[in-house]
Each structure stands twice: as structure tokens, then as C-alpha cells.
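Chemist: To start, I am sharing the structure in question, which I have written as C-alpha cells.
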Amino acid sequence: MTFSRFVALGDSFTEGVGDPDNTRPNGVRGWADRVAEVLKGDDFAYANLAIRGRKLLQIVAEQIDPAIAMQPDLVTIYAGANDVLRPRVDIDRLMQSYDHAIGRLTETGARVVMFTAYDPGDAPVFGALRGRFAIYNELVREVADRHGTTLVDFWRLGDYRDDRLWDVDRMHMSSAGHQRMAIAVLDTLGIEHDLRPLELTERPVLTGRDRRAANVEWVKAYAAPWVKRRLTGTSSGDNLSPRWPALAPVTAG
Numbered sequence: 229m230t231f232s233r234f235v236a237l238g239d240s241f242t243e244g245v246g247d248p249d250n251t252r253p254n255g256v257r258g259w260a261d262r263v264a265e266v267l268k269g270d271d272f273a274y275a276n277l278a279i280r281g282r283k284l285l286q287i288v289a290e291q292i293d294p295a296i297a298m299q300p301d302l303v304t305i306y307a308g309a310n311d312v313l314r315p316r317v318d319i320d321r322l323m324q325s326y327d328h329a330i331g332r333l334t335e336t337g338a339r340v341v342m343f344t345a346y347d348p349g350d351a352p353v354f355g356a357l358r359g360r361f362a363i364y365n366e367l368v369r370e371v372a373d374r375h376g377t378t379l380v381d382f383w384r385l386g387d388y389r390d391d392r393l394w395d396v397d398r399m400h401m402s403s404a405g406h407q408r409m410a411i412a413v414l415d416t417l418g419i420e421h422d423l424r425p426l427e428l429t430e431r432p433v434l435t436g437r438d439r440r441a442a443n444v445e446w447v448k449a450y451a452a453p454w455v456k457r458r459l460t461g462t463s464s465g466d467n468l469s470p471r472w473p474a475l476a477p478v479t480a481g
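Each residue of the sequence shown is one higher than the last, beginning at 229 in my numbering.
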């Protein structure tokens, strides 16, 4: 299986947040870049329109038409997690828009890859929203089935129970997590590759006091600013542009 035009759509998950690389736009790499580096060839081009903080309706409004105009033969899209995290959300209404957008993408003849969201059941803060995410994921699976898309079931990837696959902000995948996701995408597509999981550092031995101190620091550094953005209607991606806004050859990797 070969692809010549790959377009990645979505939010921070697809933009690559948590996988730092100061040599790339927005200072991140991410699983989509890693997949593109495997797929690259003489006639291959890649675009990534994802921007951190984008909600589902924004992704549909801003990214679907430009993606279709590029006439891709492979599209990946992840949308909705930022909506589910809001205090109030009409998941059924959102998924109607998502269903229509996925239909437009599949009508182009492109191979479309969708994702469920991660299971937050073990998370001390986000675990309270596990039921919401389960409903969202089931509706994503229905949309995928309806349109015959390829589904990467993040919910069932047990590797991510290991906190070393998550960034220090506990919201985004680490470099090891993005590498693991690239492997999952390629495996689900049935594409041969030589990617391997990144070597993980040793787990630090923490006392109960250490863990409490780390949790307090996390709240100050990451959770509180995240809540403030939700209350003020701002986003970490407000002043950012897509990392790779137009199809171009892949040179890194």
C-alpha cells in the first residue's frame, strides 16, 4: 500500500504537542510527522493543518475544505476531545457535524483514518469524565463504521497506562507516546515499517510526600492555566498557524 498525498487534521494530538523539536514549526514533531517520514518517497507530499486547542466545529470549519482541495489519498483526523473536556457539551450535536465532515472526506476516495479518545479512567482529574469519553468513543466508532473509515482505537491501547508515554503536563503524549501512536497508525493501515518503541527512562521511586508535591506543582503549572483558558474562552493555539499548511515533500526523518 502506497500513498502520495497525506493530510493530517485535528488539534494538539495531531499537531504534535508533547514531542518537542525546535527545528520544526511550532517547536514540535508528533506522530503524524513520524508517519509521513515512513511514507515519504519521490512522489510523496504531506500537510498538517492541526492546531492545538481547536474544538470539533472549528476543525470542521477551518480544515475540511482546505484538506479536500489538496486531493489527498490519505487523511487522518482527530477531533472532539477538547469539546468533551468542556463543562457542558452536546455530544450528539457535535457528532452530527463530525459525521457530515467524515462523509465529505470519504467521498473524495481518500483513505480516512479516525481515532477514539484515550480512556482517562485512571487519571485523578480527567477520570471523572470517563463516561463522557466512552459515549464519544462509541459515536466515533459508529461514524467510522458508517463511512468505512480506518479506526485507531486509542481507548484500547493499553500501553498508555504507562505515564512515561505522557508529557509532564499529563494531557499530551510524550515523544515516546507519539512514537507509539505512529506505530499504531502504520500497523492499522497495514504498512510495513521499522519503527520501534522509544527506550523509556527508569521510573523514579517516589514517596507519598513526593507524589503529593508533584501533584501540587502540576496543578500550578498546568491544570490551573488550562482551567483559566476555559473560563476566559482563550486557547493555547489562538496565535498559531498550521505547522505544514500546504502539501510539501518530507525531508526529515
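Glycine residues also receive a C-beta, built at the ideal position from the N, C-alpha and C atoms.
Tell me, to the nearest whole angstrom, how far the beta carbon of residue 344 is from that of residue 413; I am working on the premise that it is less than 8 angstroms.
Modeler: With 8 angstroms as the limit, residue 344 and residue 413 do not qualify as a contact, their Cβ atoms being about 13 angstroms apart.
Chemist: Work out the CA separation of residue 370 and residue 326 for me, nearest whole Å.
Modeler: Those two C-alpha atoms are separated by around 11 angstroms.
Chemist: Just how far apart, CA to CA, sit residue 356 and residue 389?
Modeler: Straight-line Cα distance between these residues: approximately 17 angstroms.
Chemist: Report the option in 266, 309, 425 and 383 whose CA atom is closest to the CA atom of residue 283.
Modeler: Considering only alpha carbons, the answer is 309.
Chemist: What residue does the alpha helix (DSSP H) around residue 259 start on, and which one ends it?
Modeler: Note, residue 259: alpha helix (DSSP H), 259-267.
Chemist: Within its chain, find whatever has a CB closer than 7 angstroms to the CB of residue 372; leave out the 5 residues flanking it on each side and keep chain order.
Modeler: Correct list, in chain order: 342 and 379.
Chemist: Measure how close the beta-carbons of residue 407 and residue 423 come, nearest whole angstrom, since I'm counting them as under 8 angstroms.
Modeler: Right, the Cβ-Cβ distance comes to about 7 angstroms (below 8 angstroms), so this counts as a contact.
Chemist: Between the region 317-324 and the region 271-278, can you find at least three pairs of beta-carbon atoms closer than 8 angstroms?
Modeler: Segments in contact, no.
Chemist: Secondary structure at residue 253, three-state DSSP: helix, strand or coil?
Modeler: Here residue 253 sits in helix by DSSP.
Chemist: What distance in whole Å lies between the Cβ atoms of residue 265 and residue 396, which are believed to be in contact at a cut-off of 8 angstroms?
Modeler: Contact doesn't hold; Cβ gap of about 25 angstroms is too wide.
Chemist: Out of curiosity, what's the CA-to-CA distance linking residue 469 and residue 244?
Modeler: Going by the C-alpha atoms only, they are around 13 angstroms apart.
Chemist: Between residue 448 and residue 425, what straight-line distance do the alpha-carbon atoms span, to the nearest angstrom?
Modeler: Looking at the two C-alpha atoms, the distance is approximately 31 angstroms.
Chemist: Which value, in whole angstroms, describes the spacing of the CA atoms of residue 286 and residue 433?
Modeler: Taking the straight line joining both Cα atoms gives about 42 angstroms.
Chemist: Rounded to whole angstroms, what is the Cα-Cα separation between residue 334 and residue 328?
Modeler: Residue 334 and residue 328: Cα-Cα distance of roughly 10 angstroms.
Chemist: Closer than 8 angstroms to a non-hydrogen atom of the ligand NAD - does that hold for the CB of residue 236?
Modeler: This structure simply doesn't include the ligand NAD, nor any ligand for that matter.
Chemist: Taking C-beta to C-beta, are residue 239 and residue 306 nearer than 9 angstroms?
Modeler: Yes, the Cβ-Cβ distance between residue 239 and residue 306 is below 9 angstroms.
Chemist: Report the three-state DSSP secondary structure of residue 288 (helix, strand or coil).
Modeler: Residue 288: helix per DSSP, three-state reduction.
Chemist: Applying the 10 Å Cβ sphere with the 16-neighbour rule, what's the burial state of residue 405?
Modeler: Answer is buried; the Cβ neighbour count reaches 16.
Chemist: DSSP on residue 363, reduced to helix/strand/coil?
Modeler: If DSSP states are grouped into helix, strand and coil, residue 363 belongs with the helices.
Chemist: For residue 402 and residue 246, which I take to be in contact (beta-carbon distance under 8 angstroms), what is that distance rounded to the nearest angstrom?
Modeler: Contact holds; Cβ gap of about 5 angstroms.
Chemist: Tell me, to the nearest whole angstrom, how far the beta carbon of residue 419 is from that of residue 229; I am working on the premise that it is less than 8 angstroms.
Modeler: About 6 angstroms; that satisfies the 8 angstroms criterion.
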